[in-house]
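Colleague: Residue numbers (our numbering), protein chains in the order written: chain A, 6 to 312; chain B, 630 to 886; chain C, 21 to 335. Beta carbons: idealized from backbone N, C-alpha and C, even for Gly.
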Amino acid sequence: MLNLILLQLINGLQFGILLFLVAAGLTLVFGIMDFINLAHGVLYMVGGYVMAALSAATGNFWLSLVLVLPAMLGIGLLLEAAVFRKLHDRPHLDQVLATFGLVLILSELVKLIWGAAPLSVTLPEALAGSVPLVGPLRYPVYRIAVIAAGLAIALMLWFVIARTRIGMLLRAGAANPAMVSALGVNVNRLFMLVFAVGAMLAGFAGAIVAPILSVDPGMGDSILILTFVVIVIGGVGSVRGAFVAALLVGIVDTMGRIFGPILLKQLLEPAAAAQAGRTLAPMLVYLLMAGVLFWRPSGLFGRSTGA
Amino acid sequence: MSALLTISGLTKSFGGLRVTDDLSLSIEECTTHAVIGPNGAGKTTLISQLSGQLRPDAGQIIYADEDITRLDMAGRVHRGLARSFQITTLLPGFSALENVALAVQARRGSSFRFFRAARAEKALNDAALACLEEVGLAAQANRLASELSHGEKRQLELAVALATGPRLLLLDEPLAGTGHDEAEALIALLGRLKSRLTLVLIEHDMAAVFALADQVSVLVNGRLIASGPPARVRSDPAVRAAYLGEEEADPCCASRV
Amino acid sequence: MSIAKGAAPLVILGLTLLPPLASAAGDPFLTVIATRMVIFALAALSLDLILGFGAMVSFGHAAYLGIGAYAVAVLGGMGVTDLGLQMLAAALAATLFALPTGAISLRTRGVYFIMITLAFGQMAYFVFVSFSALGGDDGMALKGYSTLLGLPVLASGTGLFYVSLALLTLALIGLDRITRSRFGRVLRGCRENSLRMQAVGFRPFPFQLTAYVVAAAICSVAGVLLANQALFVSPAYMSWQRSGELIVMVVLGGAGNLIGAVLGALAIVGLEEGLARFSHHWRLGFGLILVLVALYSPGGITGMIRRILPAGRPG
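Written out as structure tokens, the structure reads:
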């Protein structure tokens, strides 16, 4: 039992790290640029497809992974120039409409190019095995590598945000969006940068899960909603909040699906427990979000709305 | 004589900064009390606490013998404690008349009425028009608030505050940004209101302050350094040093340049 | 808004003529599409009350569509097929769900409000997914159509269409009155500047919550109709994609003037059905249209009409 808990804890951690990679860029776009972007989830999906296409073409996992980064950066810049830039100072609802349209366009383009059937990416030999964890428990090397890569990126982001001039601007902007332009910063360039890097991180997340999950056109939808949950729990605009909330959501979701039904069996008869478990597990993260917003209407690390 | 508004030990901090520091003050009914002080002295924060927009960290606000410290903004307005805003806060997509009519509506009868067109309610419109006439804006009644000139917006701001039926009016820089003629007209209007309402006035325009106020309080860094009749405050050495001295001249003439 | 006054009767009149035109064209499927249009117009209209007039962007509004649809399934299963009773039950159930969730959601603002309404919508969705007595994930087929005064009016496509259209017209007139009333004026005031409203003595909360509940109840009626059209209910009615689609309908049409929501729903259902006849990949063109409208036509369809016909603008 203890082993199972440990195993699921690590699974939750790995899921949380992925969520963080997608959420980091979005929370900045949301918080600093005050921009509602529903199309962030499809960037994650596009990352998966680009990875699948590259690894099929080159046959080399590592090379493909490296190439995904500039490719996604380019796609991010392209989208920014074509659509997002023009919607800066427009009402939120126009942004919702445009990015909803983008979701449809990109999902359909992907189907047009690669078909609707799921694609898969094969793992390189070096990462295909598993390592012993505790006692008889073993854990796949690749999943550990995903966690390590995610943590490394989180660390890098922390460094950029806490230690550099751009980071200072981002923090100032998250606390008070009007201030960034008051500081004489070229807001358009900053937005372009934030958006493109966000696209790159989301695409990278899509690329590194490609070997674990299959790549399919719907993968962006499910992650988008969870990403929103993460951002809102963490507090819009706070990368630190997104990190904490992503791990929280990843672990709660993973643990809930496994242990919810087990725990309920102690309380209810099996049939009822199975039914209640099926409801409660996917609902858990939403309950968590509603609870957090009830006590802290601006999320865990969000700026308070009172002042 | 009993005070209409009594503040005692009022304290408010933002982070480490004390913007209202153990402030006590008493305001008599039907007097005009000006609060002056340099920028950042905490004047607007004080108004916000008196109107219920901000909650103080400590201290007490007694209005008409009732402790209103924890009462919300709407509750205070219903008791006759209304405010105007320094940065014009109007409903831009509503006509001037509707801006005022809403304030009348808040005071009169239920707003949970779902079928009759509010815009055609004569009783509300007549009362609103009377308020617009009082501030001299009746001719602009049907223009959108967003289309009014700056001075007209200041007038409308006053009309809305009057329409709430106030007993005590908190005025946060009613003259801010107005030109000379507009300011003269507004000062004359405040002079008329002064006889029937209690006014708490925050203003940078010293000519206006000394023309209108019965009592003047000087706020520096969230602290009251002097309070009393204008003549006494004007000659108070601490005030001259801390505030009026900055302008190095007779305060009467210094400001409106 | 003058545009609403002018356009609404035209739109309703045009819709009234659709079924005879469809049968004249020999394409009865057109009536089915037109019915879908009208039902979604009713749902979008209810969302416009809170989104357009109250600035409360609910991302969980489809939950009420589902609640209405399941009310038909549950009551039908118990032998209660009367449309009036079903609508009443649906509105009641929607109210019971909207009151507490709306009250909690209204503690938050802006983006947080969008997300917390999404959370409640998802909760409702998962409840019905796991309800095996009601078919769970797969949904369930209904035994028959609702009846109107004991008559099987809804069993014919034309009957269902005209009942739906009558309800849409009723809602349009009712909401037009409400948004112009004292209540509606306070709601609009809170949308424009909540602080100002408090400073003249209003507490926004009861007004916003009332609007939220009214919108929920009206949307549940659309759900009752939707269940009748498909003779089938499933949790898919309450998915977040559906909620998103309702928002898109309102925004595409132009928020805050009622007729915009109706036009938006007509356009979206029409585009979906129309484009799907041309190509498998119709979503590409559909998405492109949405992006172009967002970029180049602020205010959506009604905004466009207003620019083409500037005479209607007062002052």
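Please state whether DSSP places Y232/C in a helix, a strand or coil.
Modeller: Three-state result, Y232/C: helix.
Colleague: To the nearest angstrom, how far is it from the Cα of P75/A to the Cα of G276/C?
Modeller: Whole-angstrom Cα-Cα distance: 43 Å.
Colleague: Between which two residues does the alpha helix (DSSP H) carrying K782/B extend?
Modeller: From DSSP, the alpha helix (DSSP H) with K782/B extends over H779 to A792.
Colleague: Opposite Y144/A in the DSSP bridges: which residues?
Modeller: Y144/A is bridged to V136/A.
Colleague: Can you say whether A878/B is buried or exposed, counting buried as having 16 or more other CB atoms within 10 angstroms of its CB?
Modeller: At A878/B the pLDDT is 42, less than 50, meaning the model places this residue with poor confidence and gives no usable figure here.
Colleague: Would you mind working out which of L818/B, A805/B and I656/B sits nearest S631/B, comparing C-alpha positions?
Modeller: Out of L818/B, A805/B and I656/B, I656/B has the C-alpha closest to the C-alpha of S631/B.
Colleague: Take A210/A as the anchor and find which of A177/A, L156/A, V192/A and T104/A has the nearest alpha-carbon.
Modeller: If we check each option's Cα against that of A210/A, L156/A comes out closest.
Colleague: Roughly how many whole angstroms lie between the Cα atoms of L98/A and V271/C?
Modeller: Cα to Cα, L98/A sits roughly 6 Å from V271/C.
Colleague: Could you have a look at F252/C and say whether DSSP puts it in helix, strand or coil?
Modeller: Three-state DSSP puts F252/C in a strand.
Colleague: Using the beta-carbon count (16 or more within 10 Å), is K751/B buried or exposed?
Modeller: Per the 10 Å Cβ criterion, exposed.
Colleague: Indicate the three-state DSSP secondary structure (helix, strand or coil) for E695/B in the structure shown.
Modeller: Here E695/B sits in strand by DSSP.
Colleague: Relative to chain B, which residues along the segment 186-203 of chain C have a C-beta separation below 8 Å, given in chain order?
Modeller: Against chain B - using a Cβ distance shorter than 8 Å - the residues of the segment 186-203 of chain C are R197, I198, R200, S201, R202 and F203.
Colleague: Taking 6 Å as the limit between beta carbons, can you name the residues of its chain near V58/C, skipping five residues before and five after?
Modeller: For V58/C, where only same-chain residues beyond five positions count, the Cβ hits under 6 Å are S184, L185 and L188.
Colleague: Going straight from the alpha carbon of Q19/A to that of V73/A, what length do you get?
Modeller: When rounded, the distance between both Cα atoms is 20 Å.
Colleague: Using DSSP bridges, identify the partner residues of A161/C.
Modeller: According to DSSP, which records beta bridges pairwise, A161/C is partnered with F252/C.
Colleague: Report the residue from L726/B, S739/B and Q689/B whose alpha carbon sits nearest the alpha carbon of S775/B.
Modeller: Measuring from the Cα of S775/B, the nearest candidate turns out to be L726/B.
Colleague: H662/B bridges to which residues according to DSSP?
Modeller: In the DSSP output, where bridge partners are listed per residue, H662/B has V829/B and Q844/B.
Colleague: How many Å lie between V789/B and R745/B at the Cα?
Modeller: Taking the straight line from one Cα to the other gives about 23 Å.
Colleague: Could you pull the start and end residues of the beta strand (DSSP E) that D852/B belongs to?
Modeller: A small correction: the amino acid at residue 852/B is Arg; Asp does not occupy that position in the sequence shown. That run of the beta strand (DSSP E) goes R852 to G857.
Colleague: Would you mind giving the Cβ-Cβ distance between F140/C and T121/C, rounded to the nearest angstrom? I have them listed as a contact below 8 Å.
Modeller: Confirmed, Cβ separation roughly 4 Å.
Colleague: Residues of the segment 203-223 of chain C with a CB closer than 7 Å to any CB of chain A: list them in chain order, please.
Modeller: Of all residues in the segment 203-223 of chain C, none has a Cβ within less than 7 Å of some Cβ in chain A.
Colleague: Kindly provide the ranges of any alpha helix (DSSP H) runs that are 4 or more residues long and lie completely inside the segment 163-237 of chain C, ordered along the chain.
Modeller: For the segment 163-237 of chain C, whole alpha helix (DSSP H) runs of length 4 or above, ordered along the chain, are 177-200, 202-212 and 214-219.
Colleague: Between Y90/C and chain A, is any beta-carbon pair separated by less than 8 Å?
Modeller: So, not an interface residue.
Colleague: Please list, in chain order, the residues of the segment 693-713 of chain B that have any C-beta partner in chain C closer than 9 Å.
Modeller: Of all residues in the segment 693-713 of chain B, D701, M702, A703, G704, R705, V706, H707, A711, R712 and S713 have a Cβ within less than 9 Å of some Cβ in chain C.
Colleague: Going along chain C in order, which residues have a C-beta closer than 7 Å to the C-beta of T793/B?
Modeller: Neighbours of T793/B on chain C, chain order: V220 and G221.
Colleague: For the segment 45-57 of chain A against the segment 76-90 of chain A, are there 3 or more C-beta pairs whose distance is under 8 Å?
Modeller: Yes, they touch.
Colleague: Should D865/B go down as buried or exposed, given a rule of 16 or more other Cβ atoms within 10 Å for buried?
Modeller: Answer is buried; the Cβ neighbour count reaches 16.
Colleague: Which partner residues of K641/B appear in the DSSP bridge assignment?
Modeller: For K641/B, which the question treats as bridged, DSSP gives the partners T649/B.
Colleague: E695/B: buried (16+ other C-beta within 10 angstroms of its C-beta) or exposed?
Modeller: The residue is exposed, with fewer than 16 neighbouring Cβ atoms inside 10 Å.
Colleague: Taking 8 Å as the CB-CB cut-off, is G255/A touching chain C?
Modeller: Not closer than 8 Å to any Cβ of chain C, the Cβ of G255/A fails to qualify, so no.
Colleague: Is it buried or exposed, V136/A, if we count other Cβ atoms within 10 angstroms and call 16 or more buried?
Modeller: Exposed is the call here.
Colleague: Short check: CB of I267/C to CB of L85/C, under 8 Å?
Modeller: No, Cβ-Cβ distance for I267/C and L85/C is not below 8 Å.
Colleague: Per DSSP, T635/B is paired with what?
Modeller: DSSP, once it has assigned bridges, lists S655/B and I691/B as partnering T635/B.
Colleague: Using 8 Å as the cut-off, can you tell me whether the segment 165-179 of chain C makes contact with the segment 220-238 of chain C, which would need three or more C-beta pairs spanning the two stretches below that distance?
Modeller: At 8 Å Cβ cutoff, the stretches do not touch.
Colleague: Does chain A have any CB closer than 8 Å to the CB of I267/C?
Modeller: By this cut-off, I267/C is an interface position.
Colleague: Shorter than 8 Å from the beta carbon of I321/C to some beta carbon of chain A?
Modeller: No, I321/C lies away from the interface with chain A (no Cβ there is under 8 Å from its Cβ).
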